[in-house]
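Chemist:
Residue numbers (our numbering): 3 to 264.
#1: Go through its chain and collect everything with a Cβ distance to residue 49's Cβ below 7 Å, but skip five positions before and after it.
#2: Examine the Cβ distances between the stretch 104–113 and the stretch 247–263 and report whether three or more of them are shorter than 8 Å.
#3: Is it the case that the Cβ atoms of residue 19 and residue 172 are separated by a distance below 9 Å?
#4: For residue 186 versus residue 13, is the C-beta spacing smaller than 9 Å?
#5: Which class does residue 143 belong to by DSSP, given the choice of helix, strand or coil?
#6: Hey, out of 150, 156, 57, 69, whose CA is closest to residue 33's CA?
#7: Have a look at residue 99 and residue 190 and give me their C-alpha separation to the nearest angstrom.
#8: Within 10 angstroms of the Cβ of residue 42, are there 16 or more other Cβ atoms? Answer buried if so, exposed if not.
#9: Determine the burial state of residue 30: buried for a count of at least 16 other Cβ atoms within 10 Å of its Cβ, exposed for fewer.
#10: To the nearest angstrom, report how far apart residue 183 and residue 201 are at their CA atoms.
#11: For the structure I just gave you, are there three or more beta carbon pairs, one from the stretch 136–149 and one from the stretch 66–75, closer than 8 Å?
#12: Once DSSP output is grouped into helix, strand and coil, what is the label at residue 83?
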């Protein structure tokens with residue numbers, strides 16, 4: 003196994019362990035939080051799956067960005083939230099139930115919304131796009147639903163054991179993630195520099211700031227939910243974004259650099 007494959011393997015295992023640790027602290031009640039609150043779920047889907055893709059299309063239409071950055075923006079806009087986000091939401095004052103429920107609900111519905119959003123972008127922009135339901139389902143299942151469900155199952159059967167295991171597993175995954183990200187950013191630094199320019203930084207910053215604003219506005223009356231949805235709307239699953247880009251524009255090798263810059 004060469005160094006690149008080792009880094010990818012450690013990164014994948016670290017992500018799975020992190021999501022498993024989230025599940026160890028969660029219950030079935032947490033996992034179904036948003037499905038039991040359709041109003042909050044609709045607002046979350048509106049923010050993430052409707053308004054952000056539309057904003058991304060507006061940005062790439064108005065600004066003369068490089069093709070890799072345009073592809074990255076659209077791919078990120080139609081992707082669900084990353085599996086590591088619940089930890090950040092809780093640290094910023096959000097509730098564990100809302101964070102876990104958001105991860106489960108938006109991740110599950112991404113199987114429907116991602117291909118649908120790509121169809122809409124294709125109609126608006128006239129660029130043929132594709133990613134099957136099965137392809138999205140595989141990524142979501144392997145990186146979110148499976149490890150989270152296993153963690154929740156352990157929590158239901160042996161809550162005391164789950165609580166003891168959650169912290170060390172999260173710490174191990176955190177070390178692995180940090181090491182991998184440093185290595186990836188170091189290796190990709192030259193490519194990242196090549197995509198900077200032509201308004202790239204402004205476009206990516208606008209994507210984040212507008213996402214925060216939309217999520218805050220649609221988060222509802224509870225301050226902690228506004229913070230949670232703001233972070234979720236501005237944060238997207240890089241794995242699915244890269245898979246979307248690779249499936250539709252395999253010749254654009256700099257999309258990875260644009261996603262890393264984001």
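A virtual CB, placed ideally from N, CA and C, is assigned to each residue, including glycine.
Modeler: From the atom records:
#1: 216, 217, 220, 231, 235
#2: no
#3: Result yes, Cβ atoms of residue 19 and residue 172 sit closer than 9 Å.
#4: yes
#5: For residue 143, the secondary structure class from DSSP, reduced to helix, strand or coil, is helix.
#6: 150
#7: 36 Å
#8: buried
#9: The residue is exposed, with fewer than 16 neighbouring Cβ atoms inside 10 Å.
#10: 25 Å
#11: no
#12: Taken through DSSP and simplified to helix, strand or coil, residue 83 comes out as coil.
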